[in-house]
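Just so we're on the same page, our numbering is the position in the sequence shown counted from 1, plus 15.
Heads up, the beta-carbon is just placed ideally off N, CA and C, and yes, glycines get one too.
As structure tokens, the structure follows; a few thoughts come after it.
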Amino acid sequence: MTLSVYCLGRDFKETNMAKPKLKEHIINREWCKGCGICVHFCPKKVLELDDTDKAVAARPQDCICCKLCELRCPDLAIEVIVEPR
Ligand code: SF4
Ligand code: SF4
């Protein structure tokens, strides 16, 4: 039996849903203003600012595809692409 999921934070182990798998982070370096909001909100410490104050995915292997970075970026400069199921 498949349980319905009503919120993003729900444990995937409670359902038959597969975990999303990261394909890539697309970061628009022209639009990124280096505010660090994405770095601050990432729960897995995937993102950092580089030496030119642009966001980079320093540890993409730790990304859980929660998309908080994408949702919080005020300049729409970061996009999280997941593998199609
Ligand atoms: S939140 Fe957006 S603008 Fe700010 S550092 Fe991250 S990608 Fe750049
Ligand atoms: S999708 Fe979530 S875990 Fe992945 S980089 Fe963005 S905030 Fe971090």
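State yes or no: is the C-beta of residue i nearer than 7 angstroms to some heavy atom of ligand 1?
{"i": "I52", "result": "yes"}
{"i": "K41", "result": "Before going on, a small fix: residue 41 reads as Ile here, not Lys. Flag unset: Cβ of I41 not near ligand 1."}
{"i": "C47", "result": "yes"}
{"i": "A72", "result": "no"}
Using a Cβ-based criterion (distance less than 7 angstroms to any ligand heavy atom), does residue i qualify as near ligand 2?
{"i": "I96", "result": "no"}
{"i": "C88", "result": "no"}
{"i": "K59", "result": "yes"}
{"i": "K34", "result": "no"}
{"i": "L83", "result": "yes"}
Give the DSSP-derived three-state secondary structure of residue i in the structure shown.
{"i": "V54", "result": "helix"}
{"i": "E85", "result": "helix"}
Could you tell me which of the options sits nearest to residue i, measuring between CA atoms?
{"i": "I93", "options": "T67, D77, V71 and K60", "result": "V71"}
{"i": "P58", "options": "I96, L91, E85 and R100", "result": "E85"}
{"i": "C50", "options": "I96, C78 and T67", "result": "T67"}
{"i": "L64", "options": "I42, L37, A33 and P99", "result": "I42"}
{"i": "R87", "options": "C53, C78 and C80", "result": "C53"}
{"i": "D90", "options": "R44, E39, P99 and H40", "result": "R44"}
Is it buried or exposed, residue i, if we count other Cβ atoms within 10 angstroms and call 16 or more buried?
{"i": "H55", "result": "exposed"}
{"i": "L62", "result": "buried"}
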